[in-house]
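Enquirer: Mind looking over this structure? Questions follow.
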Amino acid sequence: MHGYQIMQEIRRRTGDEWRPSPGSIYPILQQLEDEGLVRSDESGGRRVAQLTEAGREHVAGRDEEFAGLWESRVDSDDPSVDRVHALYKQLGDLSGAAGQVAYTGTDAQFAEVRKVLNEARRRIYGVLAEDTED
């Protein structure tokens, strides 16, 4: 599997809850390769990763453990899961907007966005601190 396929598979398995970026996937793949758990080869202009024998031994017998990672995120009957998904979606959108400012904004815009984000964090904790009846 190449990096983009891994990113898409994670998105699928987490119900789009986690959208890993190349900046998170490729360093992990490199670390796994450095540890001898993954080997990558060039194929069709892409780096394709596959488990080494040591990697297969590492995951052998852990099917239930790994399956539990996906089940707890996607297949839960807990109604709060939908709420978490909704917030993660909004956080992803917010992260994209903030990232845009980080890459293309002025120093003043960057400083203002940091203030906005700090204020949002404080307000969220304030909401939790409120004594409200449901």
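Here the sequence shown is numbered in the working numbering, starting from -2 and rising by one per residue. All C-beta atoms in this analysis are idealised placements derived from N, C-alpha and C, irrespective of residue type, glycine included.
1) Kindly identify the DSSP beta-bridge partner or partners of residue 47.
2) Does residue 57 pass the burial test, meaning 16 or more other C-beta atoms within 10 Å, or should it be called exposed?
3) Suppose contacts are defined by Cβ-Cβ distances below 7 Å. Is residue 85 in contact with residue 14 by that definition?
4) Run through the DSSP bridge pairs and tell me what residue -1 is partnered with.
5) Taking a contact to mean a Cβ-Cβ separation below 7 Å, would you say residue 51 touches residue 34 in this structure?
6) Could you have a look at residue 93 and say whether DSSP puts it in helix, strand or coil?
7) Run the CB neighbour count on residue -2, radius 10 Å, all protein chains shown included, and call it buried at 16 or more, exposed below.
8) Between the segment 8 to 22 and the segment 35 to 48, are three or more C-beta pairs nearer than 8 Å?
9) Just checking my contact of residue 95 with residue 114 at CB under 8 Å: how many whole Å lie between their CB atoms?
10) Alpha helix (DSSP H) containing residue 18: first to last residue?
11) Which term fits residue 105, buried or exposed, when burial requires 16 or more other beta carbons within 10 angstroms of its beta carbon?
12) What does a CB cutoff of less than 7 Å around residue 55 pick up in its chain, not counting 5 residues either side in sequence?
13) What did DSSP end up calling residue 24 once you bin it into helix, strand or coil?
Expert: If we stick to the structure as given:
1) 36
2) exposed
3) yes
4) 45
5) Contact flag set, yes.
6) helix
7) exposed
8) no
9) 7 Å
10) Neither: residue 18 is in no alpha helix (DSSP H) and is coded neither H nor E.
11) exposed
12) Result list for residue 55: 34, in chain order.
13) helix
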